[in-house]
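For the sequence shown, this note's numbering assigns the number 74 to the initial residue and increments by one for each residue that follows. Ideal Cβ positions, reconstructed from N, Cα and C, are used throughout, including at glycine. What you are looking at is a predicted structure, and each value in this text was computed from that prediction instead of being measured.
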Amino acid sequence: MADTKKATDGPLPFEASAWDPATLPDWDTEFVSAEDIEEFAKALSAPDISPSEEDLSNPLRQPTEYITALNDWRPIYQKVKGRQKRNASKKKKAPGRGVDETREGWTYNVLKWPLLLVVFGWLFVLGLSYLATRLYIYFYEQLVTWRGRREQLRLKLRTSTNYEDWVKAAKELDTYLGSDKWKETDEYAYYDSKTIRRVKEHMRKLRARAEKEENGGRDGVGGKRAVDELRSLAEACVKNNFAGFENPRLYSETYYGTKTLVQEYVDEVSAALRALFNSTQLTLEDKRSLSEHLSTNFGRTALCLSGGATFAYYHLGIAKALLDANLLPPIITGTSGGALVAALLATRTDDELKKLLIPALAHRINACSEGFGTWFKRWWTTGARFDSVDWARRCSWFCHGSLTFKEAYERTGRILNVSCVPSDPHSPTILANYLTAPDCVIWSAVLASAAVPGILNPVVLMRKDRDGRLEPYSFGHKWKDGSLRTDIPLKSLNLHFNVNFSIVSQVNPHINLFFFSSRGSVGRPVTHRRGRGWRGGFLGSATEQYLKLDLTKWLKVLRHLELLPRPLGQDWSELWLQKFSGTITIWPKTQMSDFWYILSDPTKERLARMIQAGQQAAFPKLNFVSNRMKIEKVVEEARKAIKPLDAVPTPALATAGMESMLSQEDLQGLLEKAKHNGGMVKTPPLLTPSIADVGGNLRKRHSGTSSPLGGQGDGSTERSSKPESPSWHKRISGFWSSADPSTRSSMETVRPEIAQLRQDSPQRRRGSALSELHNQTRVFWDDSATDHETTDDEGHDVAPFGDHLDGGRNGHHNESEGEHDEVQESREEDQAAADYIEDSGNGKSGSFIG
């Protein structure tokens, strides 16, 4: 459930303490350095070079003459009248392809403008009809529905300034409308109530049995443990929208809450998962596998903030409502104006955000403070109203200086995503985050995402090198507003972070008008017929749906026939035809005055109103979000708690062909046997011959000391000229012949005690036991001419460290000091790996989820 306690909330928007700039954390700190801004200015003034045109790695290349447009509005080649007309008859140009090869043909040129005028005219008629329909529905709801006691309760609901008061008013309104009876009834057309009820009851019984068995120290009845059955059931039902329990329609019939059965199911799944991850009957590896499986099937939640110029400050209220309820998702994406708010959320901690999301923040929002004369002159000369370098300096405070995406993730644990569109119309957009662009500076991506043509010229993304200096990113190419193509990048979020549940805060002014939920939305049911039916009646909703689909159809016709003009070389059709909604879509209630101040800095009064409006728009969605996050948080907390240690690099064995020699499961089994046998374990059958037998001949020693492998040696072996090494065929035949169990040695290897191993230096790298096996079997693929090989008196090849293994204890060997250290280190690494896997396999994970 969402947190409804007032104690968790920061100052209310209209409280006096929320208007004092001194309460803002770092309100007078300039995080960015002058050197970073200077490097950004140099990158902007540099010519736009295509790396495909010349060798950028050649420092001796000849200087190139660059021809660049003055701005987005003034082309490179301008038409010049003069001698061209007189010389036209003398010299005719050879026929060639047109500038735009996709728009050639005399029929296209003849029919283009008539078709464009006809379609625009019809779109105008459809737009007027749609506006009239929406006005009819609005007056229908106001005059017919909202009257008497219902209107009083609705007014109380819409004037609530905190979530606790809003929940009380919503429950009171639901009781008056009779929605409590709907909650108690299990059946509903938009989910499978029978499956949900059966799974809930079965899960509750299994959880009770598992807890009883664990407290009593029993392993189950008949060898079948309840915890294993509960785990299987959880893997089967903890999925995204299992049996429809996450259908938004389940939360669109009431102002607060959903079906009682659905709420009980969510609570039971959360309790069952906590019981599984806290159980001592499951090993650490079982819990890790379970958490990974559930995370993949259930998915993750993301908060998506749309563009919309100064309308984007409504996002602050939505973020504040989620933060106060402890429901702010760790994945946040923003575009254009929403990118600035997303950067603020992803670079600050929760405690800092509760002090920042107040009206006093208007003290730092001053990007549009220039007068008319200043910005009009700049627009006339550069084609942009605002200066990119000045905006970089002002924007850097919201991004906590020159933080990169990776640094922001390490600071707060939140994943920031910013959509950027390349100035080249044919290149794909990018979603910058700590995976795709870890070293990219956040404030440069925010500027690029806000670079609307005519408002801000395309900018260069900046990256931070190892020394902390900034340099151009992606060859210095220019980037611009992400809203032009991908305002809500749901596909990229699903690809990179498995996001399948999205909370979209949509404030784009040209899109907000067309948001209409004919059957109600989450927390906002239909007003008449006690929350049932269609808004404006079936006829009104049907007319609205038809007109909106017809508008979309004709816009697609203009795009596919390429009838739309392309100002500034940009296809503007995606401003209406892309996807703007998510699983939950929140659109705050705006005012007509917001259009007048669309490119102006908000005052404290206006920002207070926008924050409060954003909170009130988010309140109806918090119950749905809390049920989703209740399950997701348990899984994510478990993943973090049982996250494996950083993997230690293992020596590459691909070249030696060791992959099939001993699997990880076999190794773990051997170590378990060693644990139960007091440190004694039999050598694997395929490993003994690699030391005892080379080329089918057993090594012989000249002393009376018996080696662990059954040979004899006196330590008096002398180096002699090496005979020709046995062929590969002989080595392989000897290997497989000696691998026969009948010829296998039954020796046992003594391993050091765990207490002795733990006395080693903690700085030592924990190696893999395969490194020891790799050294012992190296004789099969090493050249006979290597310096490590020796021969005995009879001229047979001897393993390079065979004497170290059997003669080292009594000192009867002729090995070098360096070889002895190498073998000793390999043994110590082997035992370190045994200790690590032993601790992991015992299931000593404990309780890590509260």
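| Asked | Found |
| --- | --- |
| Quick one, are the C-beta atoms of LYS537 and SER496 less than 8 Å apart? | no |
| Report the rounded CA-to-CA distance for PRO86 versus LYS551, giving the unit in angstroms. | 39 Å |
| With a cut-off of 8 Å, do at least 3 Cβ pairs link the region 500-507 to the region 457-467? | no |
| Please say whether THR600 and GLU341 have beta carbons closer to each other than 8 Å? | no |
| Roughly how many angstroms lie between the CA atoms of THR383 and GLY410, to the nearest whole one? | 7 Å |
| Give the straight-line distance between the Cα atoms of VAL311 and VAL708, rounded to the nearest whole angstrom. | 10 Å |
| Can you tell me which of the three DSSP states CYS441 falls into? | coil |
| Would a C-beta distance cut-off of 8 Å place LEU930 and HIS388 closer than the cut-off? | As shown, the chain starts at 74 and ends at 923. That puts residue 930 outside it, with no answer to give. |
| Between ALA440 and LEU418, is the Cβ-Cβ spacing less than 8 Å? | no |
| Where does LYS584 fall in DSSP's three states? | Looking at the sequence shown, residue 584 is not Lys but Ile. Of the three classes helix, strand and coil, the one that applies to ILE584 here is helix, per DSSP. |
| Are the CB atoms of PHE371 and ASN313 within a distance shorter than 8 Å? | yes |
| By the three-class DSSP mapping on this structure, what secondary structure does LEU303 have? | helix |
| Reducing DSSP to helix, strand and coil, say where CYS493 ends up. | strand |
| Check whether the region 603-615 touches the region 662-671, taking contact to mean three or more Cβ pairs, one atom from each stretch, closer than 8 Å. | no |
| By the three-class DSSP mapping on this structure, what secondary structure does THR406 have? | strand |
| Measuring only the C-alpha atoms, how far is ALA184 from GLY194? | Residue 184 is actually Leu in this sequence, not Ala. Using only the alpha carbons, I get a separation of about 15 Å. |
| Tell me, to the nearest whole angstrom, how far the beta carbon of GLU617 is from that of SER591; I am working on the premise that it is less than 8 Å. | 7 Å |
| Could you tell me if PHE653 is buried or exposed, where buried requires 16 or more neighbouring beta carbons within 10 angstroms of its beta carbon? | buried |
| With LEU378 as the anchor, note down where its beta strand (DSSP E) starts and where it stops. | 373-378 |
| Where in the region 662-728 do unbroken runs of the alpha helix (DSSP H), each at least 4 residues long, occur, reported from the N-terminal end onward? | 666-669, 677-691, 695-714 |
| On the criterion of 16 or more Cβ atoms from any shown chain inside 10 Å, does SER556 qualify as buried, or is it exposed? | buried |
| Compare the C-alpha of GLU483 against each of TYR338, PRO511, GLY444 and name the closest. | PRO511 |
| Below 8 Å on the Cβ atoms is my guess for ILE515 versus ILE404; work out the distance and round it to an integer in Å. | Rounded, the Cβ-Cβ distance is 15 Å, inconsistent with contact. |
| Helix or strand or just coil, what does DSSP make of SER594? | strand |
| Examine the Cβ distances between the region 226-233 and the region 621-628 and report whether three or more of them are shorter than 8 Å. | no |
| Nearest to ALA435 by CA position, among LYS297, PRO545, THR676, is which residue? | THR676 |
| ASN573 by DSSP, collapsed to three states: which one? | strand |
| Any chance the region 567-575 sits against the region 631-640, with 3 or more Cβ pairs inside 8 Å? | no |
| First and last residue of the beta strand (DSSP E) that includes THR625? | Segment 610-633 is the alpha helix (DSSP H) holding THR625; no beta strand (DSSP E) there. |
| Please report the residue range of the beta strand (DSSP E) in which THR658 lies. | 657-659 |
| Between the Cα of LYS273 and those of VAL335, GLN579, ASP301, LEU323, spot the shortest distance and give me the residue it belongs to. | VAL335 |
| What three-state label does DSSP hand ASP866 in the structure shown? | Below a pLDDT of 50, predicted positions are generally treated as unreliable, and ASP866, at 44, falls in that range; the measurement from the model is reported next regardless. Note: ASP866 maps to coil in three-state DSSP. |
| Going by beta carbon distance, what residues of the same chain come within less than 7 Å of PRO432, once the five residues before and after it are set aside? | PRO86, ALA91, TRP92, LYS677, LEU680, ALA681, ILE684 |
| Does the Cβ-Cβ distance between MET535 and LEU529 come in under 8 Å? | no |
| Does DSSP put THR477 in a helix, a strand or coil? | strand |
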